[in-house]
Amino acid sequence: MSAQQGEMPEAPMIEVWRGSVRQWEVDENAHWNTQYYVARANEGLAVLFGLNGLTGLFSPTSATTIAYNEHHIRFHREAHAGTSLHMTGGFLEIGERTAFAVLMLYNSHSGQLAASFRVRLTHVDTADLQTPLSWPAAFREKASISLVDAPREALARGTGDEPVTISASRDRAITLSLKRTAMSLIEPEACDAFNRLAPQKFIGAVGGGVKQLTGPIRQVVSKHAETPPGKVGGAVLEFRILYGETPRLGDCFEIWGGLQKTDQRVMSLIFWMVDPFTGRVFGTMQSVAVVFDLDARAIVQISPAATEALAPLVTEGLAL
Numbered sequence: 000m001s002a003q004q005g006e007m008p009e010a011p012m013i014e015v016w017r018g019s020v021r022q023w024e025v026d027e028n029a030h031w032n033t034q035y036y037v038a039r040a041n042e043g044l045a046v047l048f049g050l051n052g053l054t055g056l057f058s059p060t061s062a063t064t065i066a067y068n069e070h071h072i073r074f075h076r077e078a079h080a081g082t083s084l085h086m087t088g089g090f091l092e093i094g095e096r097t098a099f100a101v102l103m104l105y106n107s108h109s110g111q112l113a114a115s116f117r118v119r120l121t122h123v124d125t126a127d128l129q130t131p132l133s134w135p136a137a138f139r140e141k142a143s144i145s146l147v148d149a150p151r152e153a154l155a156r157g158t159g160d161e162p163v164t165i166s167a168s169r170d171r172a173i174t175l176s177l178k179r180t181a182m183s184l185i186e187p188e189a190c191d192a193f194n195r196l197a198p199q200k201f202i203g204a205v206g207g208g209v210k211q212l213t214g215p216i217r218q219v220v221s222k223h224a225e226t227p228p229g230k231v232g233g234a235v236l237e238f239r240i241l242y243g244e245t246p247r248l249g250d251c252f253e254i255w256g257g258l259q260k261t262d263q264r265v266m267s268l269i270f271w272m273v274d275p276f277t278g279r280v281f282g283t284m285q286s287v288a289v290v291f292d293l294d295a296r297a298i299v300q301i302s303p304a305a306t307e308a309l310a311p312l313v314t315e316g317l318a319l
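For the sequence shown, counting from 1, position 42 maps to 41 in numbering that gives the first Met the number 0; every step adds exactly one.
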C-alpha cells in the first residue's frame, strides 16, 4: 500500500551527533580506534533520547537510565585524524521497557558511510541498575510515531543476527584452552556516570590485548600470502556484542579469546569477558576481522596454505 493509500510514510532519521576524529584517538594502524566509534555512538544515543523527550537519561542524578543488551556494529570505511563526521539515528522498535535503535555515522565531506550501529537496550532503575521500568508515556508515544527502518548497510553480514544464549564461562574458557588476552582492573576513567563499565571501554579492553591472540594469526596469514604484504596490521569489519552482568568500578576482569573460523578473506574471533574470581560473565563479543596491509591499505587474502596452517588454531564449538 502506498503512502497515498493510507500507509504512514517512513520517518526520516535525524542528526544526533557531529564532530571529528581527534589525533589521540588514532591507533598504531593510523585509523580511528574502534572504541571511539562506540563512544560517539553513545553520545548520539543520548541526543536521540533527548530529542524524543527523554533528557538527562545519562545524568548521575537521573532516577532511570538504560542498560545495554546488545550492540551490532559494522565498520564501512576508515576514518583518520581530522576527519569530519556526523551521525543520524532513529528508533527501530519501542517496547514497554525496551528499545532498539539504529545510528549511522558519515564522513561529512564525502558523504560516505563510515560505520553503522544497532543497539538493543532496556530502561532500568538507577537504584540497582537492573530493575526494568516502563518508559514514560510521553516518550513512548513520541518515539513510536517516528520509527525508522534499518538501512540495508546496518544489517548483519559476517555475524549472525538470530537470538542466541551466551555460552561463555570461565570454566569453559579453560577447558577449551582459549587464550587469556587481558587481565586488569576497572578504574574510574573506564566508567559511566553510574560507575558501570562503559560499552566503549569493553571494546577498548578487548582491543588492548587482542594482539595476544591475533599476533600469531597475522604471521601465518602473511607468511602464506600469495602476494607478500608490506607492513601488516589488523582491521575490524563487524562486531556483535552481548552484555551479561555489567561490571562496576573496582571490579577486576579477564578476557579469553579464540579463533572461531576463517574463510578466504576474514576471520571470526570470539572474546569472553569474565570476573576472574567469581566467574561472572560480563560480556561476549564476535569480531569479524581481517589482516591488513598497512602500506597498500588493502586486505591480505587468506590463502589455502594459510587456511591449512591456521586449522590447529581454530576452536571447535566456540560461540558467543
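Beta carbons: idealized from backbone N, C-alpha and C, even for Gly. All of these numbers come straight from a predicted model, not from anything done at the bench.
For residue i, does the count of other Cβ atoms within 10 angstroms reach 16, so buried, or fall short, so exposed?
| i | result |
| --- | --- |
| MET182 | exposed |
| PHE116 | buried |
| THR245 | buried |
| LYS200 | buried |
| VAL299 | buried |
| GLY81 | exposed |
| ARG21 | exposed |
| ASP170 | exposed |
| GLU237 | buried |
| ILE216 | buried |
| THR320 | The requested residue 320 is not part of the displayed model; the chain covers only 0 to 319. |
Determine the contact status of residue i and residue j, defining contact as a CB-CB distance below 8 Å.
| i | j | result |
| --- | --- | --- |
| ARG179 | GLU253 | yes |
| ARG73 | LEU132 | no |
| SER176 | VAL280 | no |
| HIS30 | HIS79 | yes |
| ILE165 | GLY243 | yes |
| LEU319 | LEU212 | no |
Helix, strand or coil for residue i, going by three-state DSSP, please let me know.
| i | result |
| --- | --- |
| ASP170 | helix |
| GLY256 | strand |
| LEU184 | strand |
| ASN41 | helix |
| LEU50 | helix |
| LEU91 | strand |
| GLU315 | coil |
| LEU146 | coil |
| GLU225 | coil |
| ALA78 | coil |
If you draw a straight line from the alpha carbon of residue i to that of residue j, how long is it in whole angstroms?
| i | j | result |
| --- | --- | --- |
| ALA234 | THR314 | 21 Å |
| ALA45 | MET272 | 26 Å |
| SER58 | GLY214 | 40 Å |
| MET7 | PHE99 | With a pLDDT of 46 at MET7, under the threshold of 50, the predicted position of this residue should be treated as unreliable, though the coordinate-derived value follows. Computed Cα separation, rounded: 20 Å. |
| GLN3 | SER107 | Because the pLDDT of GLN3 is 39, which lies under 50, any placement of that residue in the model is unreliable, and the question is left without a value. |
| LEU268 | MET86 | 28 Å |
| GLN259 | ASP26 | 25 Å |
| GLY257 | GLU307 | 17 Å |
| VAL123 | MET103 | 25 Å |
| ILE144 | HIS70 | 24 Å |
| GLY157 | SER83 | 28 Å |
| MET12 | GLY89 | 5 Å |
| ALA297 | PHE138 | 45 Å |
| TYR329 | TRP16 | Beyond the ends of the chain as shown, which are 0 and 319, falls residue 329; an answer cannot be given. |
| GLY316 | ASN51 | 43 Å |
| PRO275 | ILE185 | 13 Å |
What does DSSP give as the partner residue(s) for residue i in the beta ladder?
| i | result |
| --- | --- |
| PRO131 | VAL123 |
| LYS178 | GLY256 |
| TYR105 | HIS85 and LEU112 |
| TRP23 | Bridge partners of TRP23: none, in fact. |
| MET285 | Rather than Met, the amino acid found at residue 285 in this sequence is Gln. In DSSP, GLN285 forms a bridge with ARG239 and ILE269. |
| ILE65 | HIS122 |
| ASP274 | None; ASP274 has no bridge partner. |
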